[in-house]
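In the UniProt record's numbering, the protein residues as written are 1 to 120.
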């Protein structure tokens, strides 16, 4: 995976096709390279954090996804939903409930996607 070092031409949209390649190849090392580039280039992590978490989950790397999530200063509802849905899909109910409670504790209100995942 080759990532340009010219951050002046790099946008958050640049990472989408690269993340797709990483997902297709199940390359967590590629995802980590993208994360390093995001941090190095000064992009706010909340802009790309959801995509990095989602890509990590699609590669089956839930621990890395959770590490990324925990390091995000601000978390979008999409990111919460991705983790909750992953836990439920993989029958990790305790973690799904813990994530849901943490979401509520952080004053993030569930949306229709959260509720549809929880009540499956």
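Where a beta carbon is used, it is the ideal one built from N, C-alpha and C, also for glycine.
No experiment lies behind these values; they were computed from the predicted model shown.
The C-alpha of residue 14 lies about 11 Å from the C-alpha of residue 38. Counting of Cβ neighbours within 10 angstroms places residue 104 among the exposed residues, the total staying below 16. If only complete runs of 4 or more residues are kept, the stretch 55 to 119 shows the alpha helix (DSSP H) at 62 to 71, 77 to 89, 93 to 105 and 112 to 118, in order along the chain. Short of 8 Å from the beta carbon of residue 91, and not among the five residues preceding or following it, lies no beta carbon of its own chain.
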